[in-house]
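Here my numbering is used: the first residue of the sequence shown is 9, the next is one more, and so on.
Built from N, CA and C at the ideal position, the CB exists for glycine as well.
Remember, it's a predicted structure, so these values are computed and weren't measured experimentally.
Below: one structure, written as structure tokens.
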Amino acid sequence: MTLRTQFLDAMSGLVSSVNIVTTDGPAAGRAGATVSAMTSVSADGDAPTLLVCLHHEASAAPAILENRCFCVNVLAADQAEIANVFAGRAPSGGDKFSVAAFNILTTGAPALSSALASFDCTLLSDERIGTHHVMIGAVRQISKAEGTPLLYGNRGYQTLA
9 MTLRTQFLDA MSGLVSSVNI VTTDGPAAGR AGATVSAMTS VSADGDAPTL
59 LVCLHHEASA APAILENRCF CVNVLAADQA EIANVFAGRA PSGGDKFSVA
109 AFNILTTGAP ALSSALASFD CTLLSDERIG THHVMIGAVR QISKAEGTPL
159 LYGNRGYQTL A
């Protein structure tokens with residue numbers, strides 16, 4: 009077994025939230041993708057910061073780089089279909105954003121109206137590492153709701169028992 013295979017197998021056992029990352033702007037228009045690689049960086053400084061990782065071939069990656077903004081939308085346990093649409097695993101009828109209602113926050117990036125939390129960010133930095141863009145965002149606005157999160161682990165969606 010290669011180190012890569014061992015790494016992927018070990019990482020598949022970790023559990024993380026399921027999020028859709030969206031962007032919109034005059035430079036590149038509207039785009040979005042499903043991600044599980046998202047975490048806080050710091051609550052201190054001029055603005056709180058968070059990190060997202062996007063595959064370099066995801067259509068949202070170049071759009072975020074051009075628009076210089078993104079919104080991380082944390083999905084609820086009953087929103088697996090939205091995750092599948094933004095992951096490209098379910099038909100969207102041509103427009104991913106038709107699957108749910110979205111609001112526009114400070115940066116102009118679409119915020120999922122029914123998300124457990126939406127973190128509206130301006131792009132601070134981007135670094136390509138291997139196959140992924142590691143993007144750091146400065147949080148400009150937050151919306152939050154109560155509910156149970158949709159999780160991803162063991163190569164499938166999970167919920168809290």
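Using alpha carbons as the reference points, say which of the options lies closest to residue i.
{"i": "L73", "options": "S20, Q14, A125, G33", "result": "G33"}
{"i": "A39", "options": "S122, L16, F110, T139", "result": "F110"}
{"i": "T57", "options": "H140, Y165, L131", "result": "L131"}
{"i": "F78", "options": "T42, G164, L16", "result": "T42"}
{"i": "A123", "options": "I28, D54, T167, D17", "result": "I28"}
Taking only three categories from DSSP, how would you classify residue i?
{"i": "A88", "result": "helix"}
{"i": "M19", "result": "helix"}
{"i": "R163", "result": "coil"}
{"i": "L11", "result": "helix"}
{"i": "S106", "result": "helix"}
{"i": "L6", "result": "Nothing about residue 6 can be read from this structure; the chain reaches only from 9 to 169."}
{"i": "E7", "result": "In the structure as shown, the chain starts at 9 and stops at 169, and residue 7 therefore has no counterpart that could be examined."}
{"i": "V26", "result": "coil"}
{"i": "L73", "result": "helix"}
So residue i and residue j are in contact, right, with Cβ under 8 Å, and what is the actual spacing, rounded?
{"i": "S46", "j": "S25", "result": "It is worth fixing the name first, because residue 46 is Met in this sequence and not Ser. Indeed they touch by this definition, with Cβ atoms about 7 Å apart."}
{"i": "V60", "j": "M143", "result": "5 Å"}
For residue i, does the count of other Cβ atoms within 10 angstroms reach 16, so buried, or fall short, so exposed?
{"i": "D128", "result": "buried"}
{"i": "T13", "result": "exposed"}
{"i": "L120", "result": "buried"}
{"i": "S126", "result": "buried"}
{"i": "F152", "result": "Note on residue identity: the sequence assigns Lys, not Phe, to residue 152. K152 comes out exposed."}
{"i": "T31", "result": "buried"}
### Task
Mind the definition here: the stretch 153-160 touches the stretch 78-96 only if three or more C-beta pairs lie below 8 Å; say whether that holds.
The stretch 153-160, when compared against the stretch 78-96, does touch it at the 8 Å Cβ threshold.
### Query
Is there contact between the stretch 114-121 and the stretch 146-154, where contact requires at least three CB pairs shorter than 8 Å?
The stretch 114-121 and the stretch 146-154 touch, with no fewer than 3 CB-CB distances between them shorter than 8 Å.
#### Entry: Stretch-stretch touch, CB-based, cutoff 8 Å, three pairs: the stretch 133-143 with the stretch 93-102
Contact between the stretch 133-143 and the stretch 93-102 is absent, because fewer than three Cβ pairs lie under 8 Å.
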